[in-house]
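Undergrad: First the structure, which I've put down as C-alpha cells, then a few questions once you've had a look.
2 protein chains.
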Amino acid sequence: MNPPLRFGLDRRRSSDTPALAELVYNQVKQALFAFELLPGERFSEKTVAELTGASRTPVREALTRLAREGFLTVQNRSGWRVNDLDFSVFDQLYEVRTIVELASIDRLTAQTEPYGITELAAIWQVPEADRLTGGPAVFTLDEQFHNQLVAATGNPELHRIHTGVTERIRIVRQLDFTESHRIEATYNEHAAILSAITQHRGNEAKRLLQTHIELSRQSVRKISLHRLYEARERMRERAAPLNPVSETAAGGIRPNPLVTPQENLT
Amino acid sequence: MNPPLRFGLDRRRSSDTPALAELVYNQVKQALFAFELLPGERFSEKTVAELTGASRTPVREALTRLAREGFLTVQNRSGWRVNDLDFSVFDQLYEVRTIVELASIDRLTAQTEPYGITELAAIWQVPEADRLTGGPAVFTLDEQFHNQLVAATGNPELHRIHTGVTERIRIVRQLDFTESHRIEATYNEHAAILSAITQHRGNEAKRLLQTHIELSRQSVRKISLHRLYEARERMRERAAPLNPVSETAAGGIRPNPLVTPQENLT
DNA sequence: TCGCTATGTCTTGTATACCAGATGATATTC
DNA sequence: GAATATCATCTGGTATACAAGACATAGCGA
Numbered sequence: 001m002n003p004p005l006r007f008g009l010d011r012r013r014s015s016d017t018p019a020l021a022e023l024v025y026n027q028v029k030q031a032l033f034a035f036e037l038l039p040g041e042r043f044s045e046k047t048v049a050e051l052t053g054a055s056r057t058p059v060r061e062a063l064t065r066l067a068r069e070g071f072l073t074v075q076n077r078s079g080w081r082v083n084d085l086d087f088s089v090f091d092q093l094y095e096v097r098t099i100v101e102l103a104s105i106d107r108l109t110a111q112t113e114p115y116g117i118t119e120l121a122a123i124w125q126v127p128e129a130d131r132l133t134g135g136p137a138v139f140t141l142d143e144q145f146h147n148q149l150v151a152a153t154g155n156p157e158l159h160r161i162h163t164g165v166t167e168r169i170r171i172v173r174q175l176d177f178t179e180s181h182r183i184e185a186t187y188n189e190h191a192a193i194l195s196a197i198t199q200h201r202g203n204e205a206k207r208l209l210q211t212h213i214e215l216s217r218q219s220v221r222k223i224s225l226h227r228l229y230e231a232r233e234r235m236r237e238r239a240a241p242l243n244p245v246s247e248t249a250a251g252g253i254r255p256n257p258l259v260t261p262q263e264n265l266t
Numbered sequence: 267m268n269p270p271l272r273f274g275l276d277r278r279r280s281s282d283t284p285a286l287a288e289l290v291y292n293q294v295k296q297a298l299f300a301f302e303l304l305p306g307e308r309f310s311e312k313t314v315a316e317l318t319g320a321s322r323t324p325v326r327e328a329l330t331r332l333a334r335e336g337f338l339t340v341q342n343r344s345g346w347r348v349n350d351l352d353f354s355v356f357d358q359l360y361e362v363r364t365i366v367e368l369a370s371i372d373r374l375t376a377q378t379e380p381y382g383i384t385e386l387a388a389i390w391q392v393p394e395a396d397r398l399t400g401g402p403a404v405f406t407l408d409e410q411f412h413n414q415l416v417a418a419t420g421n422p423e424l425h426r427i428h429t430g431v432t433e434r435i436r437i438v439r440q441l442d443f444t445e446s447h448r449i450e451a452t453y454n455e456h457a458a459i460l461s462a463i464t465q466h467r468g469n470e471a472k473r474l475l476q477t478h479i480e481l482s483r484q485s486v487r488k489i490s491l492h493r494l495y496e497a498r499e500r501m502r503e504r505a506a507p508l509n510p511v512s513e514t515a516a517g518g519i520r521p522n523p524l525v526t527p528q529e530n531l532t
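Sequence lines, in order, name chains F and C. Quick note on numbering: this note's numbering labels position 56 of the first sequence as 56, and the sequence is numbered without any gaps. Quick note on numbering: this note's numbering labels position 10 of the second sequence as 276, and the sequence is numbered without any gaps.
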C-alpha cells in the first residue's frame, strides 16, 4: 500500500548517530551514481522525504548540498531536477584533475620516500595473474590510486579539492571499468607511473600520468555516450507502445534529455 | 530594549528577491571578513536569527554552508564557533592558488590573445601617478587580477575552485593592502607579469607569478600575526579591569585563542 | 571548604505548519 | 476548434513547535 521504497533508511533512533541529513545525502548520491535517479529526472522534496522516512528539513539540507556540488538544480518553486550529464563540464573537471595530479607528482618526486607509494606498488605492480578483474573493485582501487597521489603531498586542502572533483566525475568514470581492456590498460599505466615516481623520474611520471588521464577521459566519453544511447533506445521502446503520441511536435526530442546536446562526439 | 543590531536585514517581502538564506550567508561572511565575528567566538543560531530578523531555518542553511566552506564549526548540541585562523591551512590554500594560477598561465600563453588581458594591462600598467593608493580599492583590483588570469582559461570549473580559495584566504589577504609599500610592490609585480604574458614568455610569467604569490603569502603572514597580537593585547587591556580573575589556571591561555598555536613564525 | 549530584537552561536536530508562487488541467470565449 | 482565462493543486521557502543532548550552576552532604 505504501509507495515502492527505492531506498529506505530504517534508522535506529539511538543517540549520537550521524546526522540524518548526512544519511539522506549519501542515499541520494548513491542513487545518482547508480542511475536510479536519471539525469533530467524531476522530483520533489516530499518524495525524497517519504522514500527515506525523514522529514523535509534534513532532506532539504541534503539536496541543497548536492545542488551546491553540481549534481542537482532547484527550480524556483517547482521542484528539483537531476542535472544533465554535460561532457563539456566533465572535460573541465578532467583538466582540473590533471592539473592537481601533475602538481602532486612534482611534489612527490621531490620527496625521498613519498608516503603510501610502496603500498600502491604492492597493489598495481603485480603479476598479471594476480590482477583483479572485477570492474567495481578495480574502479575503487583506481580512485584510491589517484587519491593517494594527491594525499601524499601532505596538503589537505589540495586533497579536498581533488576529492570533490573525483566525486563529480565518478558517475561517468565508473563506466570505464566495465570493459576488460580498459582494466588492463589501467594496470599497465599505473605500474609505469609508479616506476617513474619511485625512480624519481618526475618528468616521465608526469608525461605518463597526463596520457593516462587523457586516455581515460576519451574512453569514458565514448562509453558513456554509447550507454546513454542504449538507455535512450530502451526508454523509447518501452515508452512507444504505451504512449505512442507522447513525442512532442519538436521532432522526437525527449522532454528530459539524458545529455546536453554535444556538437562533436569525439 | 532590543539587542544591538550589528547587522539588520530590513527585507521587503516582494516576490523574486534572492533567497533569505543567501542574504544571511552574505551578511555573516561579511561580518567574518570585517572581524565583527572574531576567530574563536561562539554564537547560536538564535542570536544570528535575531540579529538578521530571519528565522532559524535560513540562518541554519547559511551557517551550514559557511561551515562546509571552512569558516565555521558546529559543535554537537552546543553552538557554533568561528574557526581559528590557521596559518598552516592558509599555506595550503596559497599553494593551491599557486598551482591553479601557474596552470592558468600555461594555458594563457598558449592563446594568441588571452581574454581580458588587455583590460588588466590598462589597470596595472599605468604611470605611477595614476596608481590607486586606497587599500581596499587595490585589494579588490588585486583579487580581480588573479581571478581574471584563471577566468581567461575558459575553464569555469577551474575558475570556481580558484574563487573558493580566494574567499578562504580573503580574511588575511586583505591585510596585505594596509601597507603602502605592499601596494607598490603589487603594482610593479602585476605589471611585470602582464608584460611577460603578452609577450608570450610563459616561463618568465610563471616565475614572476610564483614569486609574487610567495612574497604576498609571507607578507600576509607577518602582518596578520602583528595585527592579531595587537588585537589580543587590546582585548587583554579591556578585559583586565572588568574581569581580573577571568584568566584560567592554565597560565593566561585565553579560552578562545585567535590563532592556532604556531611553531615557527617566519 | 571541597566534591558530587541533580536540575534547569540553552543548544542544535528534526518535524510540522503556513504561505506565496508556479504549473497544469479545465472552463470559457471568440 | 483554437486561443485564453480561471482555478485547484503542487512546489519550495520560511517560520515555528518539539525533543533530546550538553553544560553550567546551585544545592547538598561530608
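Where a beta carbon is used, it is the ideal one built from N, C-alpha and C, also for glycine.
Flag Glu327 (chain C) as yes if its beta-carbon sits less than 8 Å from any beta-carbon of chain F, otherwise no.
TA: By 1-based counting over the second sequence, the position of residue 327 (chain C) is 61. Chain F, which has a Cβ nearer than 8 Å to the Cβ of Glu327 (chain C), makes this yes.
Undergrad: Helix or strand or just coil, what does DSSP make of Leu132 (chain F)?
TA: Taking the first sequence and counting its residues from 1, the one referred to as residue 132 (chain F) is at position 132. It is coil, neither helix nor strand.
Undergrad: Within 10 Å of its beta-carbon, does Tyr291 (chain C) have 16 or more other beta-carbons around it, so buried, or fewer, so exposed?
TA: Within the second sequence, the letter at position 25 stands for residue 291 (chain C). Burial call: buried.
Undergrad: Quick check on DSSP: helix, strand or coil for Arg81 (chain F)?
TA: Here residue 81 (chain F) refers to the residue found at position 81 of the first sequence. Looking at Arg81 (chain F) - three-state DSSP - the assignment turns out to be strand.
Undergrad: DSSP beta-bridge partners for Phe309 (chain C)?
TA: As a working mapping, residue 309 (chain C) is identified with position 43 in the second sequence. Per DSSP, C:Trp346.
Undergrad: Could you say if the stretch 326 to 345 of chain C and the stretch 387 to 403 of chain C meet the contact criterion of at least three C-beta pairs nearer than 8 Å?
TA: Because the criterion of three Cβ pairs below 8 Å is not met, the stretch 326 to 345 of chain C and the stretch 387 to 403 of chain C do not touch.
Undergrad: Note down, in chain order, all residues in the stretch 418 to 441 of chain C with a beta-carbon under 7 Å from any beta-carbon belonging to chain F.
TA: Asn421, Pro422, Glu423, Leu424 and Ile427
Undergrad: Give me the residue from F:Pro127, F:Gln148 and F:Gly154 with the minimum Cα distance to Asn188 (chain F).
TA: For the purposes of this step, residue 188 (chain F) is taken as the residue at position 188 of the first sequence. Checked all of F:Pro127, F:Gln148 and F:Gly154; the closest Cα to Asn188 (chain F) is F:Pro127.
Undergrad: List the endpoints of the continuous beta strand (DSSP E) containing Val24 (chain F).
TA: Position 24 of the first sequence, counting from 1, holds the residue named residue 24 (chain F). Element bounds for Val24 (chain F): not the beta strand (DSSP E) but the alpha helix (DSSP H), Leu20 to Phe33.
Undergrad: Please list, in chain order, the residues of the stretch 347 to 364 of chain C that have any C-beta partner in chain F closer than 7 Å.
TA: Val355, Gln358, Leu359, Glu361 and Val362
Undergrad: Answer with yes or no whether the minimum CB distance from Ala369 (chain C) to chain F is below 8 Å.
TA: The count along the second sequence starts at 1 and reaches residue 369 (chain C) at position 103. Yes, because at least one Cβ of chain F sits closer than 8 Å to the Cβ of Ala369 (chain C).
Undergrad: What residues of chain F sit near Thr384 (chain C), judged by a beta carbon separation below 8 Å?
TA: If you number the second sequence from 1, residue 384 (chain C) lands on position 118. Within 8 Å Cβ-Cβ: nothing; Thr384 (chain C) doesn't reach chain F, min ~25 Å.
Undergrad: Who are the near neighbours of Arg170 (chain F) in its chain, counting only those whose CB is closer than 8 Å to its CB and skipping five residues on each side?
TA: Residue numbering aside, residue 170 (chain F) sits at position 170 when the first sequence is read from its first letter. Within the same chain, Arg170 (chain F) has close Cβ partners Phe33 and Glu143.
Undergrad: With 16 as the cutoff for other CB atoms within 10 Å, does Pro136 (chain F) come out buried or exposed?
TA: Along the first sequence, one-based indexing puts residue 136 (chain F) at 136. So Pro136 (chain F) counts as exposed.
Undergrad: Where Gln111 (chain F) and Thr211 (chain F) are concerned, what is the direct C-alpha to C-alpha distance, given to the nearest angstrom?
TA: In the first sequence, residue 111 (chain F) corresponds to position 111, counting from 1. In the first sequence, residue 211 (chain F) corresponds to position 211, counting from 1. Straight-line Cα distance between these residues: approximately 23 Å.
Undergrad: Would you check if the distance between the CB atom of Val362 (chain C) and the CB atom of Leu158 (chain F) is smaller than 8 Å?
TA: The residue you call residue 362 (chain C) lines up with position 96 of the second sequence. The residue you call residue 158 (chain F) lines up with position 158 of the first sequence. Yes, these two residues count as a Cβ contact at 8 Å.
Undergrad: Let's test the definition: count the other Cβ atoms within 10 Å of the Cβ of Val404 (chain C) and tell me whether it reaches 16, buried, or not, exposed.
TA: Within the second sequence, numbered from 1, the residue matching residue 404 (chain C) stands at position 138. Counting Cβ neighbours within 10 Å, Val404 (chain C) comes out buried, since at least 16 surround it.
Undergrad: Determine which residues share a DSSP beta bridge with Val165 (chain F) and list them.
TA: Along the first sequence, read from residue 1 onward, the residue named residue 165 (chain F) stands at position 165. BP columns for Val165 (chain F) are empty, so no partner.
Undergrad: Can you tell which of F:Gln125, F:Ala205, F:Ile99 and F:Gly53 has its C-alpha closest to the C-alpha of Arg165 (chain F)?
TA: Within the first sequence, the letter at position 165 stands for residue 165 (chain F). Checking the sequence shown, residue 165 (chain F) turns out to be Val, not Arg. For the set F:Gln125, F:Ala205, F:Ile99 and F:Gly53, the Cα lying nearest the Cα of Val165 (chain F) is the one of F:Ile99.
Undergrad: Looking only at its own chain, which residues have a Cβ that is under 6 Å from the Cβ of Gln218 (chain F), when we skip the five neighbours before and after it?
TA: Residue mapping note: residue 218 (chain F) aligns to position 218 of the first sequence, counting from 1. None.
Undergrad: For the alpha helix (DSSP H) that contains Val366 (chain C), what are its first and last residues?
TA: For the purposes of this step, residue 366 (chain C) is taken as the residue at position 100 of the second sequence. Taken as a continuous stretch (DSSP letters only), the alpha helix (DSSP H) holding Val366 (chain C) covers Phe353 to Ala376.
Undergrad: By the three-class DSSP mapping on this structure, what secondary structure does Thr57 (chain F) have?
TA: In the first sequence, counting from the first residue as 1, residue 57 (chain F) sits at position 57. Looking at Thr57 (chain F) - three-state DSSP - the assignment turns out to be helix.
Undergrad: Using a Cβ-Cβ distance under 8 Å, would Thr73 (chain F) count as near chain C?
TA: As a working mapping, residue 73 (chain F) is identified with position 73 in the first sequence. Not one chain C Cβ lies under 8 Å of Thr73 (chain F).
Undergrad: For Val150 (chain F), name the three-state secondary structure that DSSP assigns.
TA: As a working mapping, residue 150 (chain F) is identified with position 150 in the first sequence. It is helical.
Undergrad: As a quick exercise: from C:His412, C:Leu441 and C:Ser490, pick the residue whose alpha carbon is nearest that of Thr429 (chain C).
TA: On the second sequence, position 163 is the one that residue 429 (chain C) refers to. If we check each option's Cα against that of Thr429 (chain C), C:His412 comes out closest.
Undergrad: Tell me the DSSP secondary structure of Leu338 (chain C) in three-state form.
TA: Along the second sequence, read from residue 1 onward, the residue named residue 338 (chain C) stands at position 72. Strand at Leu338 (chain C).
Undergrad: Does Asn203 (chain F) pass the burial test, meaning 16 or more other C-beta atoms within 10 Å, or should it be called exposed?
TA: Taking the first sequence and counting its residues from 1, one reaches residue 203 (chain F) at position 203. Label assigned to Asn203 (chain F): exposed.
Undergrad: Would you say Leu374 (chain C) and Leu415 (chain C) are within 8 Å of each other, going by their C-beta atoms?
TA: As a first step, residue 374 (chain C) must be located in the second sequence, where it is residue number 108. As a first step, residue 415 (chain C) must be located in the second sequence, where it is residue number 149. Cβ distance < 8 Å, so Leu374 (chain C) and Leu415 (chain C) count as in contact.
Undergrad: Return the Cβ separation of Ile371 (chain C) and Ile463 (chain C) in integer angstroms, given the expectation that the two are a contact with Cβ distance under 8 Å.
TA: For this step, residue 371 (chain C) is matched to residue 105 along the second sequence. For this step, residue 463 (chain C) is matched to residue 197 along the second sequence. Correct: roughly 7 Å between the Cβ atoms.
Undergrad: Might you give, ordered along the chain, the residues of its own chain that have their beta carbon closer than 6 Å to the beta carbon of Val48 (chain F), omitting 5 neighbours on each side?
TA: Within the first sequence, numbered from 1, the residue matching residue 48 (chain F) stands at position 48. Cβ within range, chain order: Val59.
Undergrad: Out of C:Ala395, C:Arg439 and C:Arg331, point me to the one whose CA is closest to Leu481 (chain C)'s CA.
TA: Looking up residue 481 (chain C) in the second sequence gives position 215. For the residues C:Ala395, C:Arg439 and C:Arg331, the minimum Cα distance to Leu481 (chain C) belongs to C:Arg439.
Undergrad: For Arg334 (chain C), count neighbouring Cβ atoms within 10 angstroms of its own Cβ and tell me buried if that reaches 16, exposed if not.
TA: Residue 334 (chain C) sits at position 68 when you count from the first residue of the second sequence. Exposed, since its Cβ has fewer than 16 Cβ neighbours within 10 Å.
Undergrad: Can you tell me whether His226 (chain F) is helix, strand or coil according to DSSP?
TA: For the purposes of this step, residue 226 (chain F) is taken as the residue at position 226 of the first sequence. Reduced to three states, the DSSP call for His226 (chain F) is helix.
Undergrad: Straight-line CA distance for Gly306 (chain C) to Phe337 (chain C)?
TA: The residue labelled residue 306 (chain C) in the question sits at position 40 within the second sequence. The residue labelled residue 337 (chain C) in the question sits at position 71 within the second sequence. Taking the straight line from one Cα to the other gives about 11 Å.
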